[in-house]
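Going by this note's numbering, the letters in the sequence shown line up with residues 713 to 949, in that order. We put the beta carbon where it would ideally sit given N, CA and C, even for glycine. Every value quoted in this text rests on a predicted model; they were computed, and no experiment measured them. For reference, the structure is listed below as structure tokens.
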Amino acid sequence: MKIKIRYIFVLLSLQLGFSQNIKGRVTFNKYAIPKVEVINASTKTLTLTDADGQFSITAKTNDILVFVSKQYQFKKLVLSPAVFTNGELIVEMMLKAEELKEVVITNMPAIKLSTDLNYENSKVSQYNIDRAAQAAKVTGVNMGTIENGITKTFRIFNRNAKETPETPFKDFVKLNCDQNYFENALHIKSEQIGLFIEFCDADPRSKHIVKTQNILTVMDFLFEKTNSFKKLEPNTN
């Protein structure tokens, strides 16, 4: 009964568009994943999953949540009542292909991954002491904004940039931004999505922005270009 009441409350809150504290759990093959970065790309806030893979973040309908972890594939979703199960958001992540060779199966029902010291050292340099202390004391709560330095965490997408060919801007956008993002977040009509991507690609800044391989930087650029694009639409009045 309590689960049904919570589900109805979440459903009504999302339909009305109110911001609320969304609770969820991040898993891989039904096992909890700790220390996953959960980012609300719409409000630019971030939290981490706790030891049980659970998190809590403020969000509303059509907000875009981004899930980032070193060992797992980048994942994002648009909030709607359909993504909830009994009032809880369950997010299943997939292991990165390059990490599969480092998986060690033990007698315990768990997965152990090898330690990347270079990555861990870079993480320490990106988070200040206060943020690290806060994460140790309180997990599963909002930790700050993109402007306070969270965007730096997305450098993990580009840590092997020198070893991989440059991704064209259009391909990067199509790979990381689905139709729901364009229609619900940017309010671009479905039949104009292709034209809008071409419009953004024509801006010389797109070549520099895509080199960062930073999804939030690209999203900010797309959002900025929407106003210019919509001004080009013919006046039907």
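What do you reckon, are the CB atoms on residue 759 and residue 750 nearer than 7 Å? Along the sequence shown, read from residue 1 onward, the residue named residue 759 stands at position 47. Along the sequence shown, read from residue 1 onward, the residue named residue 750 stands at position 38. Yes; because the gap between Cβ atoms is below 7 Å, this pair is in contact.
Can you give me the start and stop residues for the alpha helix (DSSP H) that residue 906 sits inside? If you number the sequence shown from 1, residue 906 lands on position 194. Secondary structure note for residue 906: its alpha helix (DSSP H) is the uninterrupted segment 905 to 913.
Is the beta carbon of residue 912 less than 7 Å from the beta carbon of residue 937? On the sequence shown, position 200 is the one that residue 912 refers to. On the sequence shown, position 225 is the one that residue 937 refers to. Contact flag set, yes.
Quick check on DSSP: helix, strand or coil for residue 785? For the purposes of this step, residue 785 is identified with residue 73 of the sequence shown, where counting begins at 1. Residue 785: coil per DSSP, three-state reduction.
Residue 731 - DSSP class collapsed to helix/strand/coil: By one-based count along the sequence shown, residue 731 stands at place 19. Here residue 731 sits in coil by DSSP.
Which residue's Cα is closest to the Cα of residue 920: 899, 896, 879? As a first step, residue 920 is located in the sequence shown; it is residue number 208 there, counting from the start. Per the Cα distances, 879.
Using DSSP's beta-bridge definition, name the partner residues of residue 776. Within the sequence shown, the letter at position 64 stands for residue 776. Residue 776 pairs with 790.
Using the Cβ count rule (16 or more neighbours within 10 Å means buried), how would you classify residue 805? Numbered from its first residue, the sequence shown carries residue 805 at position 93. Here residue 805 is buried, its C-beta having at least 16 other C-beta atoms within 10 Å.
Are the Cβ atoms of residue 885 and residue 909 separated by less than 7 Å? Counting from one through the sequence shown, the residue named residue 885 turns up at place 173. Counting from one through the sequence shown, the residue named residue 909 turns up at place 197. For residue 885 and residue 909, yes; Cβs fall inside 7 Å.
For the beta strand (DSSP E) containing residue 769, name the first residue and the last one. One-based indexing of the sequence shown puts residue 769 at position 57. Where residue 769 is concerned, the enclosing beta strand (DSSP E) stretches over 766 to 771.
Determine the extent of the beta strand (DSSP E) in which residue 938 is found, giving its start and end residues. By 1-based counting over the sequence shown, the position of residue 938 is 226. Counting along the chain, residue 938 falls outside any beta strand (DSSP E), though it belongs to the alpha helix (DSSP H) covering 927 to 943.
Host alpha helix (DSSP H) of residue 900 (start-end): Within the sequence shown, residue 900 is the residue found at index 188, counting from 1. Neither: residue 900 is in no alpha helix (DSSP H) and is coded neither H nor E.
Helix, strand or coil at residue 745 [DSSP, three-state]: For this step, residue 745 is matched to residue 33 along the sequence shown. Three-state result, residue 745: coil.
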